[in-house]
Amino acid sequence: MQEFRFIHTSDIHLDTSFSGSGFPSRLGDRKREAIRGTFRRIMDDARRQDVGLVLIAGDLFESERVTPDTVEFIRQQFEGLHPTRVFIAPGNHDPYMSGSPYREESWPDNVHIFNAEEFQPAEIPQIGVRVTGFGFERPHLEERLFQKLSVLPNDYFNIVLCHGSNIGRIPSGKSKHGPFTIEEIAGKNIQYCALGHYHQQQQLPNPVDDTPAWYSGIPEGRGWDETGPCGYLFGEFADGNLVVENRTCNQYTLNSLVVDCDSFSTREQILDAVLNRKEDLFDSDTILRVQLSGALDPRLDLSIPELDERLAGQALHIQWDDQTYAAWDFESLAQEKTLRGRFVQTMNERIDQASGEEKIRFERARLYGIQAISGHEVRLR
Amino acid sequence: MIFLDSHILGFGKLRNFKLRFERGMNLVFAANEGGKSTLQRFLVGLLYGQLRSDLKVQRRLDPWVERYQPWYGQEYGGILRCRLAGGRDLEIRRSFGRDENRIEIRTSTGEDITRQYEQQRNGEVLFGRFHFGLPKELYESVGIIRENRVPEIHSRETIRDRIANLAHSGDEELSIRQSVAGLEEMLDSVGSERAPTKPYKQTMDLVLQLQSEQKALEERRAQFRQWLEERNRLAGEVRLLDRELSRTRISLFEARRRDMVSRIESLEDIDKEISALSEQIGSLGAREEFPVDYLDELNQLVGARNSLARRLEEIRIGKEAALSRLTRAESERRELAGYASLSESAESEKITEWFVSYLSLSLQKDGHKKTSDRLRSEAEDLEKRLNKLCPALGSLETDWQSFAREAVEDEQAASRNCSTLAEKAAQEKSKMAVAVRAAFNRRFIAVILLLATSVPFVLRHWAGFEGLPGWLEYAFGGLCLLLSVWMWLVAAKSAEEGHDAQRKIQDLELEQGRIREDGESKRKKLDEVIENSGYRGLDDFLAAAKRSEQDRRKLGEITARLEETDLQIRRHQKQSDETYSLLKESLEKVGLSCSPGNLKFQIDVLRTNLRRFRELDTNYSHCMQKADSLKTEETALDEEYGRKCDGIQSLLAQAGVDTPEEFRQECLKRRKSIELQEKKESRCREFNRLAEERTLQQWKKALQEMETQRGDHVPGKDPAAEETNIEADSDTPYLPYLPTISELEEKERLTASRLSDARQEHARSVERVNGAFRSYRLLSEIDEDLAIAEAKFRELDRNRAALDIALETIEKLSRQQQEVLAPQLNAAVEQRFIRLCEQRYEEVKIDPDFQVWVRESETGELRSADLLSRGTQDQLYFAIRFGILDLVSNENESCPCLLDEPFAAYDRSRLLEAFNVLASESIRRQLILFTCREDLLDIARQHNANIIRLNSEE
């Protein structure tokens, strides 16, 4: 077999939405641009490193959101990669179905899209590589296609490319698509299994044999569970050995910080708590989420705009998540023989009986009421 | 609880300071800055600790902790001994400071009972709250009375508010009304669906706008998918058309080549034909000057001459036949010559009219005779029926119907008159009865009066009654006698009236009989006639009378009609006779005799002969005309025949031939020669047309060039062309002939046009796809903005609801509290106040709105608290403060009350009154009064207060 290099990436999610992360559209636009930039960098790396093939294991874009402009951008990137072969295994976000750009657009000759929900081989005789893969034809795929994959012939270097869930370990909040187990991969004469879907880069532990199976991870973080540096996998096969390594490529990093406000009585203490973590957590290219937790001193005016202003320029964007609760001693207050005591007592009873949204409203009513009765300024959450 | 003593280890300026308290009133005296406030804070600190009371988890110090750090570095803290209401003594020891929170509570035996008290998560022991039932803040506002605020109060509203504040929150400054206003203001700042400038409505609108934008984009995306399909379809169509055009062009080239080969072959053939035609023309030997043009004229003249000869023959035969028919018609007409006069005059029509009239009259006459017979028969029947009737009905003198009606009317009139008379008789009888009764009564009274005349005498003589004087007895007797006479006369008059009435009754009864008899006379006569006639009753009799009357009337009518019918019969007979004589005369004129029996036959003969005569006459006229016209025509044709023969001879002479046949032979030769010449010219033109100004050699050369070009397009040499041809073979249907160049050119033109259209359409489609989202934002952007807007709206909605709930709850609880607290406060204040004001007022009223009213003992008037004197207001104020302290604190454990310079602005008289209040209150709870005023010392002593002088240096 000849020596060759390859790039394995997945879950790029071009044109994705950040509504779930609570980003304003202004930041969403920057982040989307960053994803395009990251994709472009990966393609540039492919050219620069003279790779033989690029493997994209699904979710290159989001079919429901992708724009003609982005499709043209992708097409140009692939065209610019010529003659490097690009293999795409459509995933649950970009299935090969009616209306999909994969079907509706014309793609350069060097692009091969797996367009069926069954493993199909594509060979590159020039470098002696066979890429076998399948693509989603619908947003949900529950069949275990790996079970149907027979042992591959050993005339070529066998790469398997697909989008799927390792049901041996499903990350929390992740949907199950194209399920498989490492046991189903093992013993199929696969020299490299390029996977997509899970956004954390990882090699699947394989207790059966030495078949390497990798999730390339997301190259540019999208959500708060994708914090820290992100990248793609760069593989090199030489002297009969395969070496796979991570290449960081993200532009903006997401990070989270939890600040316990129990001991704070001023805003400055909160600011200090955030700034103390600057060196290890964020810089001007970081989107930082600060979770404020614990009991908040009733006298502390937690003015988020003020906090934002004070931290302006320290990070690309700081998202405040106020999870604090007012540190009023409502049990003691309820024992007062005053109107305030009776109010707290009444609200405590209502809160105990309520649940869900109603409970939240009663808790807020208690807070605003006690602030008003106690002569404090009523501060809305 | 009362404080017993205290040991301040170090607290601000106070150090190692001991002081002792007494039950009742205590007065802590010190100059300004002498440590009064320090002591107050120390006492509260020992009771409630140093941590902020509003936090139960965090160890956050109260602000005073830093301020009261010992000046001289002693231990920060102290000891307080107190006695509970149950008599149990306790000792509290606390240490203060950021790092200190030590507390020990021991009994008098030294037992540490600290752990028996509730402890917060931040370590604070709730000693004060446990015993007093008051949290720290509330104790500080209720249990510590600072400078009296009453003098500051200027309006009733403020007094009410402060009382309300105290009652609600225990703090004069914490106003529920302000709290509610604050919440309302916040609610207003959030806004509602109807406030377009407020965040609630604005956010709601933003959400709606973004949802609408999102929907529009989704619709556009659905549209986009269709556009994509359309674009791809058009792209496919362009590809197909492109291939079709290529195929068509190749076919066109082939067709042109084939056409050229064919053209060259045609040109060669035509050239040969032209040479052959030239040879044929030479061999014919036709005369060029021969007048071929006259052939038609000659043929016409010969034809016309022959035709005229045939026509002349026909006319002559016809003329003979016409003359023969004329002779025969003349002889037939002569046989019926007698009808000539009838045919020409109008008499024949008259004969018909007379005959019709005659028949009509005969029919009418017969009809009348039949009618006359029928009427006669009916009249005889009626006469027979009338003759059978009784004599009374037979005569026409009496109308029995009227007679019967009159009899009934007479009877009814008599009955009515009799009724009137009977009524009169009844009236008279009544009068007679009244008169008889009146006469009897009056006679009876006259007899009684007559007897009364003798009563006085009887009484005198028989009963011995002498009560009356004698003259009176006579007068009485005389009067009774006179009355008796008068009554007798009146009775006689009444009797006379009765007799008159009886006479009238008899007259009336006679009159009644006479009238009844008159009324019944006709009836009786009628009954008599009916009886004589033999009818069973009046109805039968009257029915018979009515029938006889009708029969008589009908008989009259029939008789009249019979006479009229006879008259008509006679008139018709006369008319019929006249008509018959006219018909007879007419028939005799044409030799026909007639009688009434064969009149119809003879008339028919007359008509038939007349019609026959007229036909013969007409035929004769026609034959005559025909013969004349044939003669005329024969003459004209004869002349024309001569002219045609002359013309033929003239033409033959001109052509130099003898007969028309020779003329025709010459003409045939000449025409054949011309025909061949024309054919030759036509082939020449065809050659020129095909040659298109080229020579045959030039065409052959061009073909050679085309063959050279063809080499590039021949199938098998070009793979693309081969593919195209294969596809063409598969797509194009099989045709039995090769398409022509024009067909192929048309096809090429159409395909090129369609391709151009498809390319334009495809370009437009590509442009549309590329610009599909040009005026739209990204769906992701909208989603992100929408998520944020929805989250914001959710928060606003939540806050709105929460503020609403808080407001509603506070208002409701405030109302409830007012209703509950006002009476309790009233009770708590009233006794204190009445005692304080030494019965000048007998009642205090605090209404649910916390308005305060007092009733004067002397006048019984209810006065508003605002109208009271300042001193009385102070007393009332203190009473309320202590009353509220009672209400909010533990009722089983009265807490000590600290008064911090409450009388700063008081004059002596008001001070005395205020001390009376305090003295009174000190019975209920321990009071510790802090002051710097020396004048209070004397007053305090007067009330046996415990005086404590602060000297921080000690």
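Protein chains in written order, with numbering that gives the first Met the number 0: chain A, 0 to 380; chain B, 0 to 953. Ideal placement from N, C-alpha and C gives every residue a C-beta, glycine not left out. Computed from a predicted structure; not experimentally measured.
Which residues in chain A sit within 8 Å of residue i, going by Cβ to Cβ distance?
i	result
Asn825 of chain B	The premise fails here: Asn825 of chain B is roughly 17 Å from chain A at the closest Cβ pair, so nothing lies under 8 Å.
Arg59 of chain B	Ser264, Asp296
Thr808 of chain B	Phe342, Thr345, Met346, Ala364, Gly368
Give the residues of chain B in contact with residue i, contact being defined as C-beta atoms less than 7 Å apart.
i	result
Leu359 of chain A	According to the sequence shown, residue 359 of chain A is Ile rather than Leu. The answer, in chain order, is Arg797.
Thr15 of chain A	Ser779
Glu103 of chain A	Leu227, Asn231
Quick one: which chain A residues come within Cβ less than 9 Å of residue i?
i	result
Ser211 of chain B	Simply none; closest approach about 16 Å.
Gln816 of chain B	Thr337, Leu338, Arg341
Glu794 of chain B	Leu379, Arg380
Lys197 of chain B	Per Cβ cutoff of 9 Å: no residues; Lys197 of chain B is ~13 Å from chain A at best.
Roughly how many whole angstroms lie between the Cα atoms of residue i and residue j?
i	j	result
Pro150 of chain B	Arg869 of chain B	Note on Pro150 of chain B: pLDDT 49, under 50, position unreliable in the model; the coordinate value appears next. So the alpha carbons of these two residues sit roughly 8 Å apart.
Gln39 of chain B	Lys200 of chain B	52 Å
Asp320 of chain A	Lys173 of chain A	23 Å
Leu467 of chain B	Val433 of chain B	40 Å
Glu519 of chain B	Ile529 of chain B	15 Å
Leu480 of chain B	Gly463 of chain B	23 Å
Glu722 of chain B	Ala751 of chain B	Confidence is the limiting factor: at Glu722 of chain B the pLDDT is only 43, short of 50, which leaves the residue's position unreliable, though a coordinate-based value still follows. Straight-line Cα distance between these residues: approximately 20 Å.
Ser154 of chain B	Asp865 of chain B	For Ser154 of chain B, the pLDDT reaches just 47, beneath the cut-off of 50, and the residue's location in the model is therefore unreliable, leaving the point undetermined.
Thr419 of chain B	Ala406 of chain B	20 Å
Ser277 of chain B	Leu743 of chain B	39 Å
Ile102 of chain B	Phe28 of chain B	29 Å
Arg128 of chain B	Leu287 of chain A	45 Å
Ala345 of chain B	Glu352 of chain B	11 Å
Tyr138 of chain B	Phe126 of chain B	12 Å
Ile725 of chain B	Glu243 of chain B	Confidence at Ile725 of chain B is low in this model, with a pLDDT of 42, below 50, so the placement of that residue should be treated as unreliable; the coordinate-derived value is given next. Roughly 12 Å separates the two Cα atoms.
Arg606 of chain B	His621 of chain B	23 Å
If we call anything under 7 Å between Cβ atoms a contact, is residue i one with residue j?
i	j	result
Ser414 of chain B	Leu449 of chain B	no
Val853 of chain B	Tyr840 of chain B	yes
Val237 of chain B	Ala757 of chain B	yes
Asp259 of chain A	Ser302 of chain A	no
Leu875 of chain B	Phe832 of chain B	yes
Trp44 of chain B	Tyr75 of chain B	At residue 44 of chain B the sequence reads Gly, which differs from the Trp that was named. No; because the gap between Cβ atoms is not below 7 Å, this pair is not in contact.
Arg797 of chain B	Arg360 of chain A	yes
Ala56 of chain A	Leu232 of chain A	no
Glu61 of chain A	Asp10 of chain A	no
Ser178 of chain B	Ala371 of chain A	yes
Asn347 of chain A	Ala333 of chain A	yes
Ser24 of chain A	Glu780 of chain B	yes
Ile845 of chain B	Asn825 of chain B	yes
Asn157 of chain A	Gln119 of chain A	no
Ala254 of chain B	Lys668 of chain B	no
At 7 Å on the CB atoms, spell out the chain A contacts of residue i, in chain order.
i	result
His800 of chain B	Note on identity: in this sequence residue 800 of chain B is Ala, with His being the wrong assignment. Those within 7 Å of Ala800 of chain B in chain A are Arg360.
Lys55 of chain B	Asp328, Ser331
Measure from the C-beta of residue i to each C-beta in chain E and report whether the shortest distance is under 7 Å.
i	result
Ser24 of chain A	Going by chain labels, chain E is absent from the structure shown, which instead holds the protein chains A and B.
Which residue or residues does DSSP assign as beta-bridge partners of residue i?
i	result
Met24 of chain B	B:Leu926
Ile1 of chain B	B:Arg82
Phe16 of chain B	B:Ile7
What in chain B is Cβ-close to residue i, meaning under 8 Å?
i	result
Gly127 of chain A	The contacting residues do not exist; Gly127 of chain A stays about 31 Å from chain B at best.
Trp106 of chain A	The contacting residues do not exist; Trp106 of chain A stays about 13 Å from chain B at best.
Residue ranges of each beta strand (DSSP E) within the region 261–307 of chain B, 3 or longer: Within the region 261–307 of chain B, no complete beta strand (DSSP E) run reaches 3 residues.
Complete runs of the beta strand (DSSP E) confined to the region 254–341 of chain A [at least 3 residues]: List check, beta strand (DSSP E) in window: 285–292, 316–321.
Residue ranges of each beta strand (DSSP E) within the region 63–90 of chain A, 3 or longer: Restricted to the region 63–90 of chain A, the beta strand (DSSP E) segments that are unbroken, complete and at least 3 residues in length are 84–87, listed in chain order.
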